[in-house]
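S.K.: If you read the sequences in order, they're chains P and F. The numbering of the first sequence is the numbering used here, which starts it at 25 and goes up by one. The numbering of the second sequence is the numbering used here, which starts it at 4 and goes up by one. Input: one structure, supplied below.
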Amino acid sequence: MKTRQLPVLIAALTAGALLAACSGGTKAGGSGGGSKTLTLASVDQGSVEDVVKAFEKANPGVKVRYTTSGADQYQQQIRTQLASGTAPDVMSVWPGNGNPGATVVLANPGYLRDLSDQPWAAKMPDAIKTVAQYKGKTYNAIFGQNGIGAVYNQQAMAKAGLTPPDTWTDLLAFCKAAKAKGTPAFALGNQDNWVTQLVLYALVATTVYGPDRAFDQKMQAGRATFARSQWATALDKYLTMEKTGCFQKDPLGTNYEASQALAASGKTLGIIQGNWVIALLKGKNPQGTFTLKALPATDDPSQTLIPAAAGAGYGVNAKAKNPELALKFVNFVMSPEGMTLFVKKQGGLPSLPDTGYSVDPSLAELSKFIGSDRTVPFMDQLWPNAKVQQTMLSGLQEIFSGQSTPEKLLDEMDADYKAGS
Amino acid sequence: MPKVRRARTTPPWWFALPAMLLFAFVVLVPSARGVYYAFTDWDGLDPGFSFVGLDNFSAMFRDADAVQAIWHTLLIAVAITVVQNALGLLLALGVNSAIKSRNVLRVFLFAPAVITPIVTAYLWRNLLGPDGAVNSLFGVVGLGGWRQDWLGSPQVALWSVIGVIVWQYAGYSMVIFLAGLQSVPKEIHEAAAIDGAGPVRRFWSVTRPLLAPALTINLMLSIIGGIKLFDQVYALTGGGPGHATDTLSTLIYKDAFTLGEFGYSIALAVVLTVIVAVASTGQYLVLSRNERATS
């Protein structure tokens, strides 16, 4: 009998040792190392690299261990890391609410450090502050802002002999003229479902918030709905644009990448997108000139508003292994030097005034609108949960493919909104 | 006689113990602990979640997206299993014959199965675009009427996804069938030919019964693969347009990582596990009985 028990014992010990090795490894991997090491997770692929280099140069001996990933993958990873206590010291955080990595979502369970006492917190403009804060405290170092509008390919416009429209009537006439010349007005990459919302947001800014800047407060108080508001008008205008031929054929089969190629090569005269697309268009056509203009939704140009919003910023882990260095990094991002570096590389606009940043001529109109308070935040940033936006995105695809109707979509969005957080 | 007893062929049970323990700790225990969350409203983040009983499961049947995704999943699994294996068998019979360049053909047909699914999906995403190679090809050969919005039309998109997967894995099924075919002894074929059996009769009475094990493996792999399908769907259409190509796996991913509804998505995952278990055990039992009956 003794000889039988021995192998069992060995097996159990082996398994035990293996498990111990596994858990030990995880713990070792999670620690930040020496006091000169900062851990960072970022979604700013292509721009954070330069900022990290500049930060390391400004702080000799400091080493930043960072990872970058796309938004989807990042949101999945950061939630797992926060829940298991292995999150990095500094991490990308989205403004406001409405997505799984947003300020409210992460600040509510106490995962983020309060940054209200940092020098830049008081300097934030109100439009940015509302989405960087949770219950009156600042948690998100938002360094840049973006806007959505019609980005025109100047060479293609010149060739077609057309100029950007600034009223709704002109817009439809512009679409017809562009189509007649064989180059549709705008490229639309609705196969990637996040793209579907951009035209709608551009129209909603003017039709909903033009007459009523307090629409969000009314929604929150339960005194307004999507279905019985100007949202229905905006959605109708979106579909009118589609019927008028403002977009290329088969937008649902066209992805974001393909839509960029259309606008960059002049197969369409432009694209309705965020300002971030300009850098990508230039990458595809270095000789091209691209300008962002507001998308009109009424016949009074002075009414037109642009959706412009804070981009993803950085939050500090409440349980950071190296809190001093984490604050130092965040303050560097918010300094004129760090902010300019970031914003220039991303092709956006800085969130704080007086950074001495000279605006790229392609964004002059966006900058003017921001300066004269003619912007509204991206609609989802003030929604109570992530579901409203997801319902809208797949619902827009369903409307474009005849599987749903505008009335049905707005009712579903109302139901999700009312479900709360 | 102790000596006789020691000569038994089955090894003692504890030989398997280390492997079983490892499997239990790495797979079974974490999975079982995960199932617990299917009965909670956990959001993947907040430690303060509560127990909600069977709410997540009853919600599933009221959720039109989930019901639709289950149908898509079953449709994909059945379509892939039938088409991929039929095609795989035909290809195997083809390259098993004495045709020239059969070795080149074998490599050529198997090649897609070696490429990462995500890569082939991105490739096809561009080929199937409105101005992609497939539509251009139809235009050039005068079949302009066949042009489709392959991934953008809700009626066509699911079949496009199935087509891409069959394209990728038909070669894989072919290789397994080919291995089965080559184990069929030539002598039996010769004997049958002498007895006057034609090619069709020889296939039905000689090759088919001997191919039964290969068929079992192939069906099992394609059913499980079809039900669990995620990468290709996610990369090709993201489940769209709308929810027209959502499968259980893409829905699980979206509910968990986009909406933060971990409890609900784990409940969906439990349902997926049950479907896989039932389908694979069922078909294994049926086919292995057939295998015994025919061999």
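Glycine residues also receive a C-beta, built at the ideal position from the N, C-alpha and C atoms.
Is the distance from the Cβ of K308/P to the Cβ of F314/P below 8 angstroms?
M.R.: no
S.K.: Could you please tell me which residues of the region 124 to 150 of chain F, in chain order, have their CB closer than 7 angstroms to any CB of chain P?
M.R.: R128, G132 and P133
S.K.: Given a limit of 9 angstroms on CB to CB distance, which residues of the region 248 to 264 of chain F reach chain P?
M.R.: D249, Y256, K257, A259, F260, T261, L262, G263 and E264
S.K.: Starting from S66/P, trace the alpha helix (DSSP H) both ways and give me its first and last residue.
M.R.: Counting along the chain, S66/P falls outside any alpha helix (DSSP H), though it belongs to the beta strand (DSSP E) covering T61 to S66.
S.K.: Spell out whether any CB of chain F is found under 8 angstroms from the CB atom of K447/P.
M.R.: With chain P represented from 25 up to 445, any question about residue 447/P goes unanswered, as that position is not in the structure.
S.K.: On the CB-based measure, 16 or more other CB atoms within 10 Å of its CB, does L92/F come out buried or exposed?
M.R.: buried
S.K.: State the DSSP-derived secondary structure class of V137/F, mapped to helix, strand or coil.
M.R.: Looking at V137/F - three-state DSSP - the assignment turns out to be helix.
S.K.: If contact is defined by three or more beta carbon pairs under 8 angstroms, each pair taking one atom from either stretch, is the region 76 to 86 of chain P in contact with the region 122 to 132 of chain P?
M.R.: no
S.K.: Which of the three DSSP states, helix, strand or coil, is assigned to A184/P?
M.R.: Looking at A184/P - three-state DSSP - the assignment turns out to be helix.
S.K.: Report yes or no: is there a C-beta of chain F within less than 8 angstroms of the C-beta of G343/P?
M.R.: The sequence given here places Lys at residue 343/P; Gly does not occur at that position. False, the Cβ-Cβ gap to chain F never drops below 8 angstroms.
S.K.: Applying the criterion that 16 or more other CB atoms from any shown protein chain within 10 Å of the CB defines a buried residue, is E422/P buried or exposed?
M.R.: By the 10 Å Cβ count, E422/P comes out buried.
S.K.: Do we get a CB-CB distance below 8 angstroms when we pair D274/P with the residues of chain F?
M.R.: At least one C-beta of chain F is nearer than 8 angstroms to the C-beta of D274/P.
S.K.: Would you mind listing the beta strand (DSSP E) stretches within the region 91 to 169 of chain F that are 3+ residues and don't spill past its ends, in chain order?
M.R.: none
S.K.: Quick one: is L78/F near chain P, going by C-beta distance under 8 angstroms?
M.R.: no
S.K.: Could you tell me whether the region 224 to 231 of chain F touches the region 107 to 125 of chain F, where touching means 3 or more Cβ pairs closer than 8 angstroms?
M.R.: no
S.K.: In chain F, which residues lie with their C-beta within 9 angstroms of the C-beta of N217/P?
M.R.: G241, G242, G243, P244 and G245
S.K.: For S53/F, which residues in chain P fall below 8 angstroms Cβ to Cβ?
M.R.: By Cβ distance, chain P contributes nothing, its closest Cβ being about 15 angstroms from S53/F, past 8 angstroms.
S.K.: What does a CB cutoff of less than 7 angstroms around S391/P pick up in its chain, not counting 5 residues either side in sequence?
M.R.: L373 and V383
S.K.: Within 8 angstroms, do at least three Cβ pairs link the region 236 to 255 of chain P to the region 168 to 179 of chain P?
M.R.: no
S.K.: Between E436/P and chain F, is the shortest Cβ-Cβ distance under 8 angstroms, so that the two count as touching?
M.R.: no
S.K.: Curious, which full-length beta strand (DSSP E) runs of at least 3 residues does the region 319 to 372 of chain P contain?
M.R.: 330 to 334 and 337 to 340
S.K.: Answer yes or no: do L304/P and Q284/P have a C-beta to C-beta separation smaller than 8 angstroms?
M.R.: yes
S.K.: Considering only DSSP beta bridges, list what K268/P is partnered with.
M.R.: The question names Lys, but residue 268/P is Thr in the sequence shown. DSSP, once it has assigned bridges, lists no residue as partnering T268/P.
S.K.: Can you find the residues in the same chain that come closer than 7 angstroms, C-beta to C-beta, to M4/F, ignoring five residues on each side of it along the sequence?
M.R.: Residue placement at M4/F cannot be trusted, given a pLDDT of 45 that sits under 50; what the coordinates show is reported in the next sentence. Excluding sequence neighbours, M4/F sits near nothing in its chain.
S.K.: Determine contact between the region 325 to 334 of chain P and the region 349 to 356 of chain P, defined as no fewer than three beta-carbon pairs at a distance below 8 angstroms.
M.R.: no
S.K.: Taking Cβ positions only, does E431/P come closer than 8 angstroms to chain F?
M.R.: no
S.K.: So, for K60/P: in the same chain, excluding its five sequence neighbours on each side, which residues have a beta-carbon less than 8 angstroms away from its beta-carbon?
M.R.: G85, V86, K87 and L349
S.K.: With distances taken Cα to Cα, identify the nearest neighbour of T399/P among V232/P, N346/P and Q272/P.
M.R.: V232/P
S.K.: I need the DSSP call for I296/P, collapsed to helix, strand or coil.
M.R.: It is a strand residue.
S.K.: Would V340/P and R103/P be called neighbours here (beta carbons separated by less than 8 angstroms)?
M.R.: no
S.K.: Can you list the residues of chain P that P157/F reaches, using a CB-CB cut of under 7 angstroms?
M.R.: S425 and Q427
S.K.: Check whether the region 132 to 146 of chain F and the region 84 to 101 of chain F are in contact - that is, three or more C-beta pairs closer than 8 angstroms.
M.R.: no
S.K.: Can you give me, in chain order, the residues of the region 395 to 418 of chain P that have a beta carbon less than 7 angstroms from any beta carbon in chain F?
M.R.: A410, K411, Q414 and S418
S.K.: Is it the case that the Cβ atoms of L420/P and T220/P are separated by a distance below 8 angstroms?
M.R.: yes
S.K.: Could you name the residues of the same chain whose beta carbon sits closer than 8 angstroms to that of P235/P, not counting the 5 residues immediately before and after it, in chain order?
M.R.: Q254
S.K.: Which two residues bound the contiguous alpha helix (DSSP H) that contains T220/P?
M.R.: T220 to T231
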